[in-house]
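Student: The structure under discussion is supplied below as structure tokens; questions concerning it will follow.
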Amino acid sequence: IPTSTEDLDQEVQELLLSLPREEGWFMSAKLCLYQGFWWPDNLLRNVICAQRHFQSHDQDIIILVSFPKCGTTWLKTLIFSIVNRSRYTSSNTPLLTTPPHKLVPFLELDVFDKKEPPVDLIGTTPSISPRLFSTHIPYSSLPESITKSNCRVVYICRNPFDVVVSWFHFATEGKPGKLDEEHFDSFFKRQVAVGPFWDHVLGYWKESLEKPHKTSFFMYEDLKGDIVFNLKRLAEFIGYPFSIEEEKRGVIQEIADLCSLKKLKDLEVNKSGSYLENYANNSFFRKGEVGDWANYLSSTVMQRLEKLMQEKLSGSGL
Ligand code: A3P
């Protein structure tokens with residue numbers, strides 16, 4: 008373990024020279040293959056820093072994991088609202104004034120992007136409890152303290168074809184571009200950030216089957232289909248179950264409404280400003296539809312990609 012971040016910076020520079028590196032899928036930065044997954048070069052250091060320094064705690068931490076564009080932002084708002092419902096109402100919740108990505112930071116983008124790992128996050132006595140974090144780190148690369156401790160891990164997955172659509176719009180935001188079948192093909196053939204998609208999803212899926220008390224797997228489509236049922240499931244899993252009295256008072260529906268796409272998208276705080284300078288806050292809120300991909304694919308390509316999906320997921324039960 009390096010004693011200083013300068014040592015780490017030096018080590019990562021050397022590591023980058025030895026790792027396979029490729030141009031990423033469609034407008035992505037250069038990617039390097041680290042522990043079986045493709046990472047943007049500029050995040051490698053943060054991932055390694057998180058792996059070495061992050062200290063999770065049994066009770067006070069909930070890690071929310073996703074492949075990008077699977078519904079991360081939505082899940083952040085839902086988990087934040089469930090956990091903090093005794094502190095805030097829907098008229099004074101920080102969600103009204105703070106972008107979701109600030110409320111639930113990413114380990115590799117926010118927490119470990121600093122020169123030194125933040126002391127209160129690597130220490131053994133956290134000042135805030137429960138602490139909420141998110142990450143795109145694949146299961147096999149998670150910091151050991153997350154897999155070894157009893158902290159809960161919530162994973163959100165989405166139909167990969169809608170992920171392609173969502174990612175395309177996110178990347179081309181404000182720029183001309185037309186989504187075509189070639190983008191879908193290349194998403195599955197080329198290197199894609201934090202991919203391969205299938206390995207990312209299957210890593211957490213298998214873990215959720217083996218240790219259901221530790222990792223819970225949610226589908227974006229299921230949340231869209233029955234938000235109340237899934238919020239109950241989510242709240243129970245993270246240790247904040249709704250009481251019967253809360254159910255009767257409509258607290259669950261209130262959280263669902265507060266975190267609905269329309270509500271969040273219309274908030275001034277999410278309409279302006281940016282996250283990490285590069286991403287406009289409003290680019291995280293688009294259509295939120297299930298099956299938008301069908302508008303972009305011919306039936307022949309659709310069948311071919313569905314066959315590919317079946318092959319990749321076959322035998323997994325997913
Ligand atoms: P679309 O581009 O298909 O609309 P992520 O948060 O992982 O980056 O995922 C972004 C996707 O989640 C976008 O999908 C976005 O519109 C959708 N999304 C964001 N907030 C949402 C919400 N409150 N409810 C449903 N979908 C939401």
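Take any residue in the sequence shown, note its place counting from 1, add 7, and you have its number in the UniProt record's numbering.
Just so it is clear, CB atoms sit at the ideal spot from N, CA and C, and this is done for glycine as well.
1. Looking only at DSSP bridge pairs, what is F113 linked to?
2. Within this structure, are the beta carbons of H108 and K83 separated by less than 8 Å?
3. Looking at the structure shown, is W205 part of a helix, part of a strand, or coil, going by DSSP?
4. Does ligand 1 have a heavy atom nearer than 7 Å to the CB of S281?
5. Is the region 53 to 61 close to the region 113 to 121, with three or more CB pairs under 8 Å?
6. On a CA-only basis, which of G43, Y227, Y211 is nearest I70? Give me that one, please.
7. Which full runs of the alpha helix (DSSP H) of 4+ residues lie inside the region 20 to 105, going along the chain?
8. Classify S290 as helix, strand or coil using the three-state DSSP reduction.
9. Assuming V160 is part of the alpha helix (DSSP H), what are its boundary residues?
10. Given a threshold of 16 other Cβ atoms within 10 Å of its Cβ, counted over all protein chains shown, does L94 qualify as buried or as exposed?
11. Using a threshold of 7 Å, is the CB atom of V201 nearer than that to any non-hydrogen atom of ligand 1?
12. Mind listing which residues have their beta carbon within less than 7 Å of any non-hydrogen atom of ligand 1? Chain order is fine.
13. For Y282, which beta-bridge partners are listed by DSSP?
14. Measuring alpha carbon to alpha carbon, tell me which residue in Q260, Q317, D65 is nearest H220.
15. Do V72 and S152 have their beta-carbon atoms positioned less than 8 Å apart in this structure?
16. Do S98 and Y162 have their beta-carbon atoms positioned less than 8 Å apart in this structure?
17. Excluding five sequence neighbours on each side, which residues of the same chain lie with their C-beta closer than 8 Å to the C-beta of I8?
18. Hey, could you find the ends of the alpha helix (DSSP H) S223 is sitting in?
19. Is Y211 helix, strand or coil by DSSP?
20. Which first and last residues belong to the alpha helix (DSSP H) in which V170 is found?
21. Looking at C-beta atoms only, is the number of pairs between the region 302 to 319 and the region 162 to 173 that lie closer than 8 Å three or more?
22. For E188 and S305, which I take to be in contact (beta-carbon distance under 8 Å), what is that distance rounded to the nearest angstrom?
23. Among residues of its own chain, excluding the 5 on either side of E228, which ones have a beta-carbon nearer than 6 Å to its beta-carbon?
24. Please go through the same chain and pick out, in chain order, the residues whose beta-carbon is closer than 7 Å to the beta-carbon of N277, but skip the five residues on each side of it.
25. So W46 and C39 are supposed to be a Cβ contact under 8 Å. How far apart are they, rounded?
26. From which residue to which residue does the alpha helix (DSSP H) around F191 run?
27. With distance defined between alpha-carbon atoms, name the residue in A301, L15, A242 nearest to V172.
28. Taking only three categories from DSSP, how would you classify D273?
29. If you compare alpha carbons, which of G232, I234, K231, V208 is closest to T222?
Tutor: Reading off the structure:
1. In the sequence shown, residue 113 corresponds to position 106, counting from 1. According to DSSP, F113 bridges with S141.
2. For the purposes of this step, residue 108 is taken as the residue at position 101 of the sequence shown. For the purposes of this step, residue 83 is taken as the residue at position 76 of the sequence shown. At a Cβ-Cβ threshold of 8 Å, H108 and K83 count as neighbours.
3. Taking the sequence shown and counting its residues from 1, one reaches residue 205 at position 198. Helix.
4. Translated into positions along the sequence shown, residue 281 becomes position 274. Relative to ligand 1, even the nearest heavy atom lies 7 Å or more away from the CB of S281.
5. In short, these stretches touch, since the Cβ pair count reaches three.
6. On the sequence shown, residue 70 is found 63 positions in, with the first residue counted as 1. Checked all of G43, Y227, Y211; the closest Cα to I70 is Y211.
7. Runs found: 48 to 60, 79 to 90.
8. Here the question's residue 290 lines up with position 283 in the sequence shown. The three-state reading of DSSP puts S290 in helix, counting H, G and I together.
9. Here residue 160 corresponds to residue number 153 of the sequence shown, with the count starting at 1. Segment 159 to 164 is the beta strand (DSSP E) holding V160; no alpha helix (DSSP H) there.
10. The residue you call residue 94 lines up with position 87 of the sequence shown. Before going on, a small fix: residue 94 reads as Arg here, not Leu. Taking all protein chains shown into account, R94 has fewer than 16 neighbouring C-beta atoms within 10 Å of its C-beta and is therefore exposed.
11. As a working mapping, residue 201 is identified with position 194 in the sequence shown. Outside the cutoff, so no.
12. Qualifying residues, in the order they occur: S73, P75, K76, C77, G78, T79, T80, W81, T84, D169, V172, S173, H176, F177, K231, C266, S267, L268, L271, F291, F292, R293, K294, G295, E296, D299.
13. Reading the sequence shown from its first residue, position 275 is the one you call residue 282. DSSP lists Y286 as partners of Y282.
14. In the sequence shown, counting from the first residue as 1, residue 220 sits at position 213. Comparing Cα-Cα distances from H220 to each of Q260, Q317, D65, the minimum goes to D65.
15. Translated into positions along the sequence shown, residue 152 becomes position 145. Translated into positions along the sequence shown, residue 72 becomes position 65. Cβ distance not < 8 Å, so S152 and V72 don't count as in contact.
16. Here residue 162 is taken as the residue at index 155 of the sequence shown, counted from 1. Here residue 98 is taken as the residue at index 91 of the sequence shown, counted from 1. In this structure, Y162 keeps its C-beta atom at 8 Å or more from the C-beta atom of S98.
17. Numbered from 1 along the sequence shown, position 1 holds the residue referred to as residue 8. For I8, the predicted model reports a pLDDT of 49, less than 50, meaning its position is unreliable; a value from the coordinates is still stated below. Result list for I8: R59, in chain order.
18. The residue you call residue 223 lines up with position 216 of the sequence shown. Secondary structure note for S223: it is in no alpha helix (DSSP H), and the uninterrupted beta strand (DSSP E) holding it is 222 to 226.
19. As a first step, residue 211 must be located in the sequence shown, where it is residue number 204. Three-state result, Y211: helix.
20. Position 163 of the sequence shown holds residue 170. Per DSSP, V170 belongs to the alpha helix (DSSP H) from 167 to 178.
21. Two segments are said to touch when three or more pairs of C-beta atoms, one from each, lie closer than 8 Å; by this definition the region 302 to 319 touches the region 162 to 173.
22. The residue labelled residue 188 in the question sits at position 181 within the sequence shown. The residue labelled residue 305 in the question sits at position 298 within the sequence shown. In this structure E188 is in contact with S305, their Cβ atoms being roughly 7 Å apart against a cut-off of 8 Å.
23. Here residue 228 refers to the residue found at position 221 when the sequence shown is read from its first residue. The residues are V297.
24. Here residue 277 corresponds to residue number 270 of the sequence shown, with the count starting at 1. Closer than 7 Å at Cβ, skipping near neighbours: P106, L271, N288, N289, F292.
25. The residue you call residue 46 lines up with position 39 of the sequence shown. The residue you call residue 39 lines up with position 32 of the sequence shown. With a Cβ gap of about 6 Å, W46 and C39 count as contacting.
26. Here residue 191 is taken as the residue at index 184 of the sequence shown, counted from 1. Per DSSP, F191 belongs to the alpha helix (DSSP H) from 188 to 196.
27. Locating residue 172 in the sequence shown gives position 165, counting from the first residue. Looking at the Cα atoms, A301 is the closest of the given residues.
28. For the purposes of this step, residue 273 is identified with residue 266 of the sequence shown, where counting begins at 1. Secondary structure at D273: helix, using DSSP grouped into helix, strand and coil.
29. The residue labelled residue 222 in the question sits at position 215 within the sequence shown. Comparing Cα-Cα distances from T222 to each of G232, I234, K231, V208, the minimum goes to V208.
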